[in-house]
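Trainee: In this note's numbering, the protein residues as written are 1 to 103.
(1) Going by alpha carbons, who is nearest to residue 41 out of 57, 61 and 91?
(2) Looking only at C-alpha atoms, which of 101, 89 and 67 sits nearest to residue 34?
(3) Tell me, which residues are paired with residue 51 by DSSP?
(4) Candidates 103, 71 and 2: which alpha carbon is nearest residue 48's?
(5) Leaving aside the five residues before and after residue 101 along the sequence, list all residues of the same chain whose C-beta is less than 7 Å from its C-beta, in chain order.
(6) Thinking just about the alpha-carbon of each residue, which of 55, 52 and 99 is nearest to the one in residue 78?
(7) Tell me where the alpha helix (DSSP H) around residue 93 begins and ends.
Here it is, written out as structure tokens:
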């Protein structure tokens, strides 16, 4: 196998192994996009199936707050659909990741 074929095979394997990240998430009839607040997401999507909150230390040189609240909300859109994790930092949607298919 030549070097180009090995490189292409490795790239394909990495794409399959990594969770998908997105810029938007469709729930019900609405679209949620990065940068939206928790209240807007709740209004569009309703309560998530699971919520988790933690405190992350601020970056060096950042504001003097003791920690930044990080929340992850998991939505189960239904059988055969992808579980979706929304990550909020300081109340703002920062990442959207798709996981395994729901059962």
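Glycine included, each C-beta is placed from N, C-alpha and C at the ideal position.
Mentor: To lay it out plainly:
(1) 91
(2) Distance from the Cα of residue 34 is smallest, within the candidate group 101, 89 and 67, for 89.
(3) 73
(4) 71
(5) 80, 81 and 82
(6) 99
(7) Here residue 93 belongs to no alpha helix (DSSP H); instead the beta strand (DSSP E) covers 92-101.
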